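Chains as they are written, first to last, in my numbering: chain A, 1 to 205; chain B, 1 to 205.
C-beta atoms are modelled at their ideal positions from N, C-alpha and C, and glycine is treated no differently.
Quantities reported herein were computed from a predicted structural model and do not represent experimental measurements.
There are 2 protein chains.
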Amino acid sequence: MEFNEKQIDILLAAERLFATKGFDGTSVRDIANEANVNVAMINYYFGSKDKLLDTFFEWRVPDFMINVDELALIDNALDKIDAMVDRSIKSMNSHRKLYHIITIESSLKQRMLISEAFRKLKLHNLEVISSVINEGVKQGVFKDGYDPILIHSMMMGTFMNFQMNHCFLQDQLHIDNDEEYANYIETTLTEFIQKTIKALLTYEK
Amino acid sequence: MEFNEKQIDILLAAERLFATKGFDGTSVRDIANEANVNVAMINYYFGSKDKLLDTFFEWRVPDFMINVDELALIDNALDKIDAMVDRSIKSMNSHRKLYHIITIESSLKQRMLISEAFRKLKLHNLEVISSVINEGVKQGVFKDGYDPILIHSMMMGTFMNFQMNHCFLQDQLHIDNDEEYANYIETTLTEFIQKTIKALLTYEK
DNA sequence: GTTTAAATTAAACGTTTGTTTAACTTTGTC
DNA sequence: GACAAAGTTAAACAAACGTTTAATTTAAAC
């Protein structure tokens with residue numbers, strides 16, 4: 001899948017607008033303006049507004065799966081949790097607009113097809129988490145009986161909460177620009193999630 | 001704020017549609033059909049589609065704050081966490097459509113005003129969590145230094161993740177109807193969040 | 001039973017929507 | 001420089017949008 005400069009302009013403009021106004025709240029004329037192209041170019045290159053969304057996902061989603069190779073090099077189960085959370089949050093944070101769009105649109109019953117690519121991504125990440133936990137259980141470091149789905153939901157959900165409530169939280173945390181907020185997510189929030197998972201998996205009571 | 005039968009029909013129809021199709025994805029004719037009223041009735045009663053959304057929030061949001069009185073009766077800090085999580089999840093789960101709508105619409109930059117009512121709700125719940133944690137710290141049961149915002153985000157985010165990814169998770173958990181899914185949230189998920197918070201706040205390392 | 005206000009309706013309003021057209025310009029090929 | 005293909009444009013398309021109108025029905029008050 002290769003695109004020329006103008007097509008990428010359109011895809012990036014669509015990403016910005018879908019993330020701030022939603023798919024239904026964005027018109028093709030909005031996108032054309034944002035990308036500085038004629039309205040007809042969108043249908044010329046992508047066929048329709050719906051197909052533009054499909055193409056956007058095919059273009060963006062493919063490979064931000066957690067890199068398993070890196071994790072394989074780490075022996076200590078606790079360190080492995082740290083590394084997995086760190087990679088996951090960094091990946092999600094650098095594609096935060098895409099995650100915002102997917103989260104909203106895939107939660108609406110109208111656009112079920114879109115969630116297929118997202119589904120594969122979630123299944124892969126779920127498998128990675130499962131294997132990390134299982135390894136820790138075998139080593140005797142982690143308690144058994146915790147459903148990886150719950151831990152995955154906790155990590156995913158906590159991160160997404162910071163995306164969906166960006167304004168509220170940025171205000172509450174007294175952070176005054178987006179960069180600093182992104183940095184907070186990759187440091188303080190990441191550390192929090194790491195500690196939370198480790199605490200839960202080694203909790204005695 | 002009092003509404004007649006027909007107005008409530010419209011508000012409930014709007015709630016169902018906004019939650020499944022989004023505000024921008026729902027037309028006033030959709031709402032009129034769903035509520036079995038004439039299109040003009042919506043503007044007659046509520047003024048406009050935007051004002052319908054405003055009115056809907058004013059009507060729905062007011063009081064599902066965590067009941068502080070009940071919590072005050074509990075001495076043990078760990079039990080208090082359990083009670084707080086239980087009340088919060090039950091409240092959010094019984095108003096899950098509203099939470100879905102607010103989460104989506106308040107995350108879009110177009111509709112910032114809407115988030116004001118939601119903001120107050122979050123601030124109140126944040127304060128409740130803070131006081132429960134602080135009490136536990138004073139009792140020497142909880143570790144100090146955990147930002148209540150992070151714990152609130154974790155609880156909120158984990159719950160909302162189950163709303164936003166309803167289809168995916170219902171499938172993954174081999175649950176085959178919505179009631180059972182709602183029940184899973186009020187039992188297994190609630191217990192998971194309770195354990196997670198307690199583990200974190202009593203974690204040694 | 002008449003009067004007055006509220007409720008309800010089908011039809012029409014002017015915009016905006018996504019999409020297509022047909023004319024025009026640019027680009028690369030021989 | 002002629003030709004064909006690709007790129008680009010303003011204008012027009014029908015359909016859907018939120019909203020308003022004007023006519024009609026219902027309900028309540030006297």
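Contact set between residue i and chain A, taken where Cβ atoms lie within less than 7 Å
{"i": "ASP54/B", "result": "Chain A residues near ASP54/B: none, gap ~17 Å exceeds 7 Å."}
{"i": "PHE192/B", "result": "LEU150"}
{"i": "TYR206/B", "result": "Lying outside 1 to 205, the shown extent of chain B, residue 206/B is not represented and no answer is given."}
Chain-ordered neighbours of residue i on chain B, where CB pairs are closer than 7 Å
{"i": "GLY22/A", "result": "GLY22, ASP24, LEU108"}
{"i": "PHE162/A", "result": "SER153"}
{"i": "THR158/A", "result": "SER153, MET154, GLY157, THR158"}
{"i": "TYR184/A", "result": "Per Cβ cutoff of 7 Å: no residues; TYR184/A is ~10 Å from chain B at best."}
Chain A contact residues for residue i, given Cβ-Cβ distances below 8 Å
{"i": "HIS100/B", "result": "SER107"}
{"i": "ILE149/B", "result": "LEU169, GLN172, LEU173"}
{"i": "LEU200/B", "result": "LYS195, THR196, ALA199, LEU200"}
{"i": "PHE142/B", "result": "Ordered by position in chain A, no residue passes the 8 Å Cβ test against PHE142/B, which lies about 12 Å from the chain."}
Collapsed DSSP secondary structure at residue i in the structure displayed
{"i": "LYS97/B", "result": "helix"}
{"i": "HIS174/B", "result": "coil"}
{"i": "GLY157/A", "result": "helix"}
{"i": "TYR26/B", "result": "Note on residue identity: the sequence assigns Thr, not Tyr, to residue 26/B. Note: THR26/B maps to coil in three-state DSSP."}
{"i": "GLU2/A", "result": "coil"}
{"i": "TYR203/A", "result": "coil"}
{"i": "ASP144/A", "result": "coil"}
{"i": "GLN194/A", "result": "helix"}
{"i": "ASN125/A", "result": "helix"}
{"i": "GLN139/B", "result": "coil"}
{"i": "ASP75/A", "result": "coil"}
{"i": "ASN33/A", "result": "helix"}
{"i": "LYS131/A", "result": "The displayed chain sequence assigns Ser, not Lys, to residue 131/A. In the structure shown, SER131/A sits in a helix (DSSP, three-state: H, G or I)."}
{"i": "SER107/B", "result": "coil"}
Where the alpha helix (DSSP H) through residue i begins and ends
{"i": "VAL68/A", "result": "68-72"}
{"i": "GLU15/B", "result": "5-21"}
{"i": "ILE185/A", "result": "That residue, ILE185/A, is in no alpha helix (DSSP H); it is neither H nor E in DSSP."}
{"i": "THR55/A", "result": "49-60"}
{"i": "PHE46/A", "result": "39-46"}
From the options, residue whose alpha carbon lies closest to that of residue i
{"i": "ILE102/B", "options": "ASN4/A, ASN38/A, ASN165/A", "result": "ASN165/A"}
{"i": "ASN4/A", "options": "THR26/A, TYR45/A, ALA14/A", "result": "TYR45/A"}
{"i": "ARG119/B", "options": "LEU73/A, LEU121/A, GLY145/A, GLN170/A", "result": "GLN170/A"}
{"i": "LEU71/B", "options": "ALA182/B, VAL132/B, GLN172/B", "result": "VAL132/B"}
{"i": "ASN43/B", "options": "CYS167/B, LEU11/B, ASN125/B, GLY145/B", "result": "LEU11/B"}
{"i": "ILE129/B", "options": "ASN177/B, ASP86/B, ALA13/B, ILE104/B", "result": "ASP86/B"}
{"i": "ALA35/B", "options": "SER107/B, MET154/B, ASP9/B, ALA117/B", "result": "ASP9/B"}
{"i": "PHE18/A", "options": "PHE159/B, TYR146/B, ASP24/B", "result": "ASP24/B"}
{"i": "PHE192/B", "options": "THR196/A, GLU191/A, PHE192/A, THR190/A", "result": "THR196/A"}
{"i": "SER94/A", "options": "ILE185/A, GLU127/A, ALA199/A, ALA77/A", "result": "ILE185/A"}
{"i": "LEU126/B", "options": "HIS100/B, GLN163/B, GLY136/B, SER88/B", "result": "SER88/B"}
{"i": "VAL28/B", "options": "LYS49/B, LYS80/B, GLN139/B", "result": "LYS49/B"}
{"i": "GLU135/A", "options": "GLU179/A, VAL61/A, ASP79/A, ASN67/A", "result": "ASP79/A"}
{"i": "LEU121/A", "options": "LYS138/A, LYS109/A, TYR99/A, GLN139/A", "result": "TYR99/A"}
{"i": "MET155/B", "options": "ASP144/B, THR190/B, LYS143/B", "result": "THR190/B"}
{"i": "VAL141/A", "options": "GLN194/A, LEU201/A, ASP69/A", "result": "LEU201/A"}
{"i": "ALA182/B", "options": "LYS198/B, MET92/B, GLU58/B, ILE31/B", "result": "MET92/B"}
{"i": "GLN139/B", "options": "ASN161/B, MET84/B, ALA83/B, ALA77/B", "result": "ALA77/B"}
{"i": "ALA199/B", "options": "ASN67/A, LYS143/A, VAL39/A", "result": "LYS143/A"}
{"i": "GLU179/B", "options": "LEU123/B, SER106/B, LEU73/B, ARG96/B", "result": "ARG96/B"}
Within chain B, the residues that residue i reaches when beta carbons sit closer than 8 Å
{"i": "ARG119/A", "result": "PHE168"}
{"i": "LYS122/A", "result": "ASN165, PHE168"}
{"i": "TYR181/A", "result": "Near TYR181/A there are no residues of chain B at all, since even the closest Cβ is about 13 Å away, more than 8 Å."}
Contact set between residue i and chain A, taken where Cβ atoms lie within less than 9 Å
{"i": "ALA77/B", "result": "Correct list: empty, because the minimum Cβ distance to chain A is about 13 Å."}
{"i": "LEU104/B", "result": "For the record, residue 104/B in the displayed sequence is Ile; it is not Leu. Neighbours of ILE104/B on chain A, chain order: GLY22, THR103, ILE104, SER107, LEU108, MET164."}
Interface residues of chain B facing residue i [CB-CB closer than 9 Å]
{"i": "LYS97/A", "result": "Those do not exist, as LYS97/A stays about 12 Å from chain B at its closest Cβ, beyond 9 Å."}
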